[in-house]
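Q: In the numbering used here, the protein residues as written are 328 to 890. Backbone N, C-alpha and C fix where the C-beta goes; we use that ideal spot for every residue, glycine too. The structure follows.
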RNA sequence: UGACCUAUGGUGUAAUGGCAGCACAGCAGAUUUUGGUUCUGUUAGUCUAGGUUCGAGUCCUGGUAGGUCAACCA
């Protein structure tokens, strides 16, 4: 049966539009079939899941077509940038599993960019403008009205050259003059109305120090940087689409390597803010623990939460690439995570809300080790032994005094299996003065050791447990979504996006774990049966274990109980 | 109301003039020592009006809706 989808790559997967472009370019011999992409972050914040999509795209495309990818820092604005961000970006890209060809900085090109600006002046394609910030803004016009030409637009070549040189040598204060391209103040595309090329900023740059006091604007630096590196496919997000004519204009006038820009739709996700500005605000106003707060959509936050690079790469692949605006359902990210974790996370038993169970017919002071499978999805994960004794903890949710019909867990008179241990039956419910259940007295069936009864008797439910006397204790952090509304960027009139920060997004509790967990190492991942996937936090030590809940399990019981 | 971009189930993404498919989510069932996993089945879609064509999700025209652009940010 032949596939109806004829647009397939060599592996039989459908191609996205960028893959089509690249394959066509290779076929037509453009750039001698060479593929060189770049990932160009500005070091002014931490990378987030949206950047992960771009990283996977740029590196993935190069990998697929035998090309390479440069990591280039777009560091043209010293007032916003910092080495802290450079370091974190490099760490995150590596962690995601990608290796860049060259590590470069737009600031490496400042001298070349300056020379090209000189050249544009000589070609009568650039001029120094003395208008104030406000005048420039006003004279740019609006989207429906053309702009007005600057009175300084027709300065002499020599005056422009002289002024631009003196801008560089630091003769003028910040904001006093700019260098602009001479294009068309009436252009329907606002970006073509004599865009600013250079502005004066007397600030210390994290790499060039105090060598410069004029800095190129994004539009002037980006395309030329691509060109210098001979980038074949410069892939960016949709909002740069209107910049492309300007990108091409510089390349054409300067007669330099013809890099080409392609745009794709950036990633949006439900219950998530992706704006660096807002994420920075969350950090600065201490609404989260930091950039790596496990609730943050940053790469380091996801890592700390317990996400794996594989899951994120899988996600980037699943969301696809297109040009239409999109909002990805958070459940897709969660699916991708569980898909990976289910295969790799060893199972353990842990109790978060303990309820004491006393096995009245189990000898006092006795204990034994019971064998448990580490991961039913992976035979190689082996087995372990868990201590069992007379006093246990089970989950409070696993007991109901007056159970509804489809409740398969422990209830008075009802028999359940303690996973990998024994069948037990509840005989007595002990309550405190308020009537809260505080203890259960049960009997076990010694013949059901391991969890099966020789008489073939079946039980409906299997619950997890831990021996009270042997249990390790740990701080457990449960996370809910950071925002309580689906689209935190779309707030109602009079409201602020911060109103939707979920006050219950972090719950800290104590857990009782099976003893083997006391030796867990930072970032180790486990599935606590029925409770979800958990990852050991960074600052964990054997003395102070902290587990972050990485993901919940699909819970069909919640639906049954809700009815 | 200028230029540009976009429009396929609830969500995302394919179909390159020829049977509208896949994934997530949902629903139903089977298996299960995790109400997990796995497996099976299933609900649901081409923004609109014209045109071209034997044939249009696809090409053309108009409309509608959404997005981007008026930082000396990137």
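1) In or out: residue 429 buried (at least 16 other Cβ within 10 Å) or exposed?
2) CB of residue 643 to nearest heavy atom of the ligand NAP: below 7 Å?
3) For the candidate residues 404, 611, 556, whose alpha-carbon lies nearest to that of residue 531?
4) To the nearest angstrom, how far is the alpha carbon of residue 599 from that of residue 399?
5) Helix or strand or just coil, what does DSSP make of residue 874?
6) For residue 440 versus residue 522, is the C-beta distance shorter than 8 Å?
7) Can you tell me which of 881, 555, 375, 500 puts its alpha carbon nearest to the alpha carbon of residue 623?
8) Got a sec? Which residues, its chain only, sit under 6 Å from residue 424 by beta carbon, not counting five neighbours each side?
9) Mind reading off the beta-carbon distance from residue 874 to residue 864? Whole number of angstroms is fine, and I expect it under 8 Å.
10) Of the choices 733, 629, 837, whose alpha-carbon is the least far from that of residue 377?
11) Using 8 Å as the cut-off, can you tell me whether the region 721 to 735 makes contact with the region 677 to 691, which would need three or more C-beta pairs spanning the two stretches below that distance?
12) Could you give the DSSP three-state label for residue 711: helix, strand or coil?
13) Grab me the residues of residue 330's own chain with a C-beta within less than 7 Å of its C-beta, minus the 5 sequence neighbours each way, in chain order.
14) Output the boundary residues of the alpha helix (DSSP H) element that contains residue 590.
15) Beta-carbon within less than 8 Å of residue 528's beta-carbon, same chain only, minus the 5 sequence neighbours each way: which residues are those?
16) Roughly how many angstroms lie between the CA atoms of residue 444 and residue 453, to the nearest whole one?
17) What did DSSP end up calling residue 808 once you bin it into helix, strand or coil?
18) Exposed or buried, what is residue 471 when buried is set at 16 or more other beta-carbons lying within 10 Å of its beta-carbon?
19) So what's residue 725 in DSSP terms, helix, strand or just coil?
20) Would you report the Cα separation of residue 477 and residue 373, rounded to the nearest angstrom?
21) Here's a check: name, in chain order, each residue in its chain whose Cβ is nearer than 6 Å to the Cβ of residue 686, leaving out the five neighbours to either side.
22) When you compare only the Cα positions, how much space is there between residue 517 and residue 507?
23) Which word fits residue 408, buried or exposed, when buried means at least 16 other C-beta atoms lie within 10 angstroms of its C-beta?
24) Taking residue 858 as the reference, give the member of 459, 492, 792, 442 with the closest Cα.
25) Pull up the distance between the alpha-carbon of residue 343 and that of residue 661, whole angstroms please.
26) Using only alpha-carbon positions, find the residue among 652, 796, 519 that is nearest to residue 590.
27) Enumerate in chain order the residues of its own chain whose CB-to-CB distance from residue 788 is below 6 Å, with the five nearest sequence positions on each side excluded.
28) Could you have a look at residue 837 and say whether DSSP puts it in helix, strand or coil?
29) Comparing alpha-carbon positions, which option in 587, 499, 450 lies nearest residue 482?
30) According to the neighbour-count rule (16 or more other Cβ atoms, all chains shown, within 10 Å of its Cβ), is residue 421 buried or exposed?
31) How about the region 776 to 784 and the region 745 to 754: do they share at least three Cβ pairs that are nearer than 8 Å?
32) Compare the C-alpha of residue 349 against each of 383, 392, 367 and name the closest.
33) Cβ of residue 879 within 8 Å of Cβ of residue 664?
34) Give me the Cα-Cα distance between residue 602 and residue 845, rounded to the nearest whole angstrom.
35) Leaving out five residues on either side along the sequence, give the residues of the same chain with a beta carbon under 7 Å from the beta carbon of residue 617.
36) Assign residue 854 to buried or exposed, taking buried as 16 or more other Cβ atoms, counted over all protein chains shown, within 10 Å of its Cβ.
A: Once the coordinates are examined:
1) Residue environment analysis places residue 429 among the exposed positions, since fewer than 16 neighbouring C-beta atoms fall within 10 angstroms of its C-beta.
2) Absence of the ligand NAP from the depicted structure is noted, as is the absence of any ligand whatsoever, leaving it without description.
3) 404
4) 27 Å
5) Three-state result, residue 874: strand.
6) no
7) It is 375.
8) Within the same chain, residue 424 has close Cβ partners 636.
9) 7 Å
10) 629
11) yes
12) Looking at residue 711 - three-state DSSP - the assignment turns out to be strand.
13) Per-residue confidence for residue 330 stands at a pLDDT of 39, beneath the threshold of 50, marking its modelled position as unreliable; no derived number is given.
14) It is not in any alpha helix (DSSP H) - residue 590 instead sits in the beta strand (DSSP E) that spans 587 to 591.
15) Excluding residues within five positions, the ones whose Cβ falls inside 8 Å are 404, 405, 406, 501, 540, 541, 542.
16) 7 Å
17) coil
18) Around the C-beta of residue 471, fewer than 16 other C-beta atoms lie within 10 Å, and the residue is accordingly described as exposed.
19) helix
20) 39 Å
21) 717, 769, 771
22) Here the C-alpha atom of residue 517 lies approximately 14 Å from the C-alpha atom of residue 507.
23) With 16 or more neighbouring CB atoms inside 10 Å of its own CB, residue 408 falls in the buried class.
24) 792
25) 23 Å
26) 652
27) 735, 736, 743
28) strand
29) 450
30) exposed
31) yes
32) 392
33) no
34) 39 Å
35) For residue 617, where only same-chain residues beyond five positions count, the Cβ hits under 7 Å are 610.
36) buried
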